[in-house]
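The block underneath contains the structure these notes are about, expressed in structure tokens.
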Amino acid sequence: MRRRSPLTGLVAAVALAATVFTASAVTGSLGPQENRAGTGPAAHHPSKKSGHWVNTWVSMPQLTEPHNMPPEPFTQDGLVMEDTTLRQTVRVSTGGNKLRLRFSNAFGGTALPITAASVALPLDGRAGVSAIEPGTSRPLTFNGRPGTVIPVGAQMVSDPLDLKVAPGTNLTVTVYLAEGQASEEITSHPGSRTTSYLLRGNHLGEADLPGATPTDHWYFLSGIEAWSRPSTRAVAIVGDSLTDGRGSTTNANNRWPDQWFDRLQSRRSTSGIAVLNQGAGGNRVLNDGLGPNVLARLDRDVLAQSGVEWLIVFEGINDIGTAEPAEAAQKQVADDLIAAYEQIVTRAHAQGIKVYGATLLPFSGNDYYADPTGNREAARQRVNEWIRTSGEFDAVLDFDRVVRDPRNPDRLHPDVHDGDWLHLNPEGYGMLAAAIPGRLFR
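Be aware that the sequence shown starts at 26, since it is given in the working numbering, and climbs by one per residue.
Shown next as structure tokens:
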């Protein structure tokens, strides 16, 4: 019999509250006849006195690896998603009365022509479904036009769309590409933990996509902004697969940032905080891995996001785990990580952003990162000690102490990992969410 974690009851209560909240948030947030007109840029110049734009959802853009490309027949030689409808669901954090969407071609080999796009409510408010609630589809425009062409390396922001969305709402974003993208280099976020759908032809506003091909990746969509009350602010999180949600449940939105957002929403004093998950599996602080390194992507993924007031840095384990286990190499990577954290704090503070450092989790027992010499563990301990005691961060989130095994502190607690002694299960992610002090975000 598996021994229950002492926080199991707390995590279960949080999950129940999150389920109730999510269901109620969708109800009545978007009526079928609401706000059909006025999607062009001239129709939306809200006064800054009444609010401001805040990112409410993001995904870190990265170059799509061959095994994460759209499945056949949607990937051909030198051409992707020709005459294809792509339907994706995402869960916003804070809500608002207007939305605008960001589409990215950061890693595309050619320009990305989007023929048309729309936003709707998914059927029954659920994540990862191909059907939408009938009558809720709204067309997007770009500078007053139904489509846009995104240059190589660029992003495009849609015109504001009058759309009242409650916090925690799942949204469906549908895109039609008539020409497709004439390259096998495309932009995506592979670790969506959410199912998307591909279907030949233009099915932009159709209530369902029978026969569509499912794929658990997001493509092209990189952000959603909401016109929010002046008091609404955002916290950005840079992280690796532990923040991206490896080990969480597909279509359940139970990564630790998701569960933490539900906790924030349960308190009036923190209900106006948007949570921006800029995690990506395999990502590193110092060197490119899966996606650009943190020092390279900090401007794009944090400083350029709307409304960010706080930054959580929870990354570095892949730097330690991919460096040679030799003593000198591990001393070097620990030195370099500490210097990188100082750089991140300096750059964020220059923009008035508070930075909170999270300690790195144990990995002993993992087939890839465990090191019999103990040099990698020594590097992790040294980095964590610096995070805890240096005073460089505005606050410390000691995630290591939350989920490690008290009897074997170089290992995760056996009840909270997903089987590989590196990533957490939903209960473990809930423990991280429960450990973050709300007072840091008031």
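In this text, a Cβ means the ideal position worked out from N, Cα and C, and glycines have one as well.
Other residues of its chain near Gly-230: CB distance less than 7 Å, five sequence neighbours each side excluded: What you label residue 230 is simply residue 205 of the sequence shown in a count that begins at 1. The residues are Ser-143 and Ser-162.
Taking the Cβ atom as the reference point for each residue, do Gln-330 and Asn-80 lie within a distance shorter than 8 Å? Here the question's residue 330 lines up with position 305 in the sequence shown. Here the question's residue 80 lines up with position 55 in the sequence shown. Yes, the pair counts as a contact, with Cβ atoms nearer than the cut-off.
For a test of the three-state rule: what should DSSP assign to Phe-46, helix, strand or coil? In the sequence shown, residue 46 corresponds to position 21, counting from 1. Its pLDDT being 31, under 50, Phe-46 is placed unreliably by the model, and nothing is read from it.
Using 10 angstroms around the beta-carbon of Ala-359, count the other beta-carbons present and answer buried if the total reaches 16, otherwise exposed. Here residue 359 refers to the residue found at position 334 of the sequence shown. Buried.
From which residue to which residue does the alpha helix (DSSP H) around Leu-202 run? Sequence index remark: in the sequence shown, residue 202 carries index 177 (1-based). Segment 195-202 is the beta strand (DSSP E) holding Leu-202; no alpha helix (DSSP H) there.
Touching by the beta-carbon criterion (3+ pairs, under 8 Å), the region 411-426 and the region 376-387: yes
Is it a yes or a no for the region 352-367 touching the region 390-407, going by three-plus beta-carbon pairs under 8 Å? yes
Stretch pair the region 270-283 + the region 97-111: three plus CB contacts closer than 8 Å: no
Taking Met-248 and Arg-127 to be in contact with their CB atoms under 8 Å, please state how far apart those CB atoms are, rounded to whole angstroms. Here residue 248 is taken as the residue at index 223 of the sequence shown, counted from 1. Here residue 127 is taken as the residue at index 102 of the sequence shown, counted from 1. Reading off the sequence shown, one finds Gly at residue 248, where the question assumed Met. Gly-248 to Arg-127, Cβ: 4 Å. Contact.
Below 7 Å CB to CB, which residues in the same chain sit around Asn-450 once its five sequence neighbours on both sides are set aside? For the purposes of this step, residue 450 is identified with residue 425 of the sequence shown, where counting begins at 1. Excluding positions up to five away in sequence, the list reads Gly-272, Val-441, His-442 and Asp-443.
Would you mind listing the beta strand (DSSP E) stretches within the region 330-385 that are 3+ residues and don't spill past its ends, in chain order? 333-339 and 379-383
Whole angstroms are fine: how far does the CA of Asn-168 sit from the CA of Ser-183? Looking up residue 183 in the sequence shown gives position 158. Looking up residue 168 in the sequence shown gives position 143. Looking at the two C-alpha atoms, the distance is approximately 7 Å.
Can you tell me the Cβ-Cβ gap for Gly-172 and Ile-139, rounded? I've got them flagged as a contact below 8 Å. Along the sequence shown, one-based indexing puts residue 172 at 147. Along the sequence shown, one-based indexing puts residue 139 at 114. Confirmed, Cβ separation roughly 5 Å.
Taking DSSP as the reference, what is the three-state secondary structure of Asp-184? Position 159 of the sequence shown, counted from the first residue, corresponds to residue 184. Coil.
Under three-state DSSP, which class holds Trp-446? The sequence position of residue 446 within the sequence shown is 421, counting from 1. Here Trp-446 sits in coil by DSSP.
Where Ser-294 and Asn-312 are concerned, what is the direct C-alpha to C-alpha distance, given to the nearest angstrom? What you label residue 294 is simply residue 269 of the sequence shown in a count that begins at 1. What you label residue 312 is simply residue 287 of the sequence shown in a count that begins at 1. Distance between the alpha carbons of Ser-294 and Asn-312: 38 Å.
Please specify which runs of the beta strand (DSSP E), each continuous and at least 3 residues long, are wholly inside the region 404-428, giving them in chain order. 420-422
Close beta carbons around Leu-328, own chain, < 6 Å, minus the five adjacent residues each side: In the sequence shown, counting from the first residue as 1, residue 328 sits at position 303. Around Leu-328: Gln-376.
Drop a sphere of 10 angstroms on the beta-carbon of Tyr-381, count the other beta-carbons inside from all chains shown, and report buried for 16 or more, exposed for fewer. As a position in the sequence shown, residue 381 is number 356, starting the count at 1. By the neighbour-count rule (16 or more Cβ atoms within 10 Å), Tyr-381 is buried.
Along the alpha helix (DSSP H) that carries Thr-268, what are the first and last residues, could you check? Locating residue 268 in the sequence shown gives position 243, counting from the first residue. Here the alpha helix (DSSP H) through Thr-268 covers 266-269.
Would Gln-180 pass as a contact of Ala-131 if the rule is Cβ separation under 8 Å? As a first step, residue 180 is located in the sequence shown; it is residue number 155 there, counting from the start. As a first step, residue 131 is located in the sequence shown; it is residue number 106 there, counting from the start. Taking 8 Å as the Cβ cut-off, Gln-180 and Ala-131 qualify as a contacting pair.
For a test of the three-state rule: what should DSSP assign to Asp-435, helix, strand or coil? Sequence index remark: in the sequence shown, residue 435 carries index 410 (1-based). Asp-435: strand per DSSP, three-state reduction.
Just list the residues that DSSP pairs Thr-295 with in beta bridges. Against the sequence shown, residue 295 aligns to sequence position 270. Note: Thr-295 sits in no beta bridge, so no partner.
Strictly by DSSP, which residues pair up with Asp-430? Here residue 430 refers to the residue found at position 405 when the sequence shown is read from its first residue. Answer by DSSP bridge pairing, in chain order: Asn-433.
If Thr-257 sits next to Asn-302, beta carbons under 8 Å apart, how far is it from one beta carbon to the other, in whole angstroms? Position 232 of the sequence shown, counted from the first residue, corresponds to residue 257. Position 277 of the sequence shown, counted from the first residue, corresponds to residue 302. With 8 Å as the limit, Thr-257 and Asn-302 do not qualify as a contact, their Cβ atoms being about 17 Å apart.
My assumption, with CB atoms under 8 Å, is that Pro-215 sits in contact with Asn-93. Please give the rounded CB distance. Locating residue 215 in the sequence shown gives position 190, counting from the first residue. Locating residue 93 in the sequence shown gives position 68, counting from the first residue. Sure, about 4 Å apart at Cβ, within 8 Å.
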